[in-house]
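Right, one structure below, let's go through it.
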Amino acid sequence: MAADTTSIAENIGRARERIARAAARAGRRGEDVTLIAISKTFPAEAIREAHKAGARHFGENRVQEWEGKRGDLADLHATWHLIGHLQSNKVKRAANLFHTIDSVDSAALAQKLDAALAAGSSNSPSAEHPAGAHGISILLEVRLAPEESKSGVAEAELPALAEAVLALPHLELRGLMTIPPFLEDPEQIRPFFRKLRELRDSLSRRTGRPLPELSMGMSHDFEIAIEEGATQVRLGTAIFGVRTKAF
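Using this note's numbering, the first residue of the sequence shown is number 96, and each one after it goes up by one.
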């Protein structure tokens, strides 16, 4: 779909101001929160405009959609995130396309991804791959509201999944991600963000590994997420405008 490229830079500026204010309320620095521009359904020219305005992290929902856009953006220095559910039959393609998979939710999926990387199927999208030429960064997606989503690992199964992932040599576990239920009052979403932070802290103590990333918060509720410890916020509507096509 089309995006109003004349307003994208202004939207990014406003979003960064709001990020800075929310971080300050939590005694944090705004620059410690990564803005991920969620570019799913938006064309390459909108992504290019956001990059021109300073965005360096972009999130796509579907492997095939990003395949169709990446050729027009190959010159951009950016980090490409897969934020949508990764189907097992698209693992090899995803390993070639993204710097980070932010939605790993099963040991079987993690093992397939590791095997694809071990076989040399991953050629990083840029010269500066976060986990190295034969590795990839991942987040574990946690399902905190089971009635709201079919994807994500259940809280009780998270420790076992983390241990399985940490045993895989080509995956770098960086932290956790969640998509909470949509509620009109963002304050009602705060407990979900707090819970993810508590799970991350507990998991870090249990494994003895630093897990620096908490990807939580979208256009509707990202300031609350930052107050609760988000290190990555995923902004689509706030940057590109309202989508007319859902994925």
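Just so you know, even glycine gets a beta-carbon here, dropped at the ideal spot from N, CA and C.
For the pair Ala117 and Ala214, the Cα-to-Cα distance works out to about 43 Å. Bounds of the alpha helix (DSSP H) holding Ile334 are Thr332 to Phe335. In the three-state reduction of the DSSP assignment, Leu256 falls in the helix class.
Under the criterion of beta carbons closer than 8 Å, Leu268 and Ala257 qualify as touching, at roughly 7 Å.
Apart from sequence neighbours up to five positions away, the residues of its chain that approach Asp209 with a beta-carbon distance below 6 Å are Leu263, His265 and Leu266, ordered along the chain. When beta bridges are read from the DSSP output, Ser102 appears opposite no residue. Note on geometry: alpha-carbon atoms of Ala202 and Arg151 lie some 30 Å from one another.
For Ala189, the enclosing alpha helix (DSSP H) has its first and last residue at Val186 to Leu192. Counted as a single uninterrupted DSSP element, the stretch harbouring Asp316 is not any beta strand (DSSP E), since DSSP gives it neither H nor E. In the structure shown, the three-state DSSP call for Ser183 is helix. In the displayed model, Ser232 falls within a strand according to three-state DSSP. Separation of the CB atoms of Phe288 and Met311 is rounded to 5 Å, and the pair is thereby assigned contact status at 8 Å. According to DSSP, Gln327 shares a beta bridge with Thr129 and Ser310.
Exclusion of the five residues before and after Leu294 leaves Val237, Glu250, Leu253 and Leu271 as the residues of its chain whose Cβ lies within less than 7 Å of its Cβ. Minimum Cα-Cα distance from Pro138 among the listed residues Glu126, Lys207 and Gly154 corresponds to Gly154. The beta strand (DSSP E) runs lying completely inside the segment 132-177 and spanning 3 residues or more are 152-155 and 174-177, given in chain order. Looking at the DSSP output, Ala249 shares a beta bridge with Arg238.
A distance below 6 Å between beta-carbons, with the five flanking residues on each side excluded, links Arg338 to the following residues of its chain, in chain order: Thr136. With 16 or more other Cβ atoms from the protein chains shown falling within 10 Å of its own Cβ, Glu144 counts as buried. A distance of 8 Å or more separates the beta carbons of Thr326 and Asp200. The C-alpha of Ala333 is placed about 9 Å away from the C-alpha of Met313.
For Ser198, there is no enclosing alpha helix (DSSP H); the residue is found in the beta strand (DSSP E) stretching over Thr195 to Val199. When DSSP states are grouped into helix, strand and coil, Leu271 belongs to the strand group.
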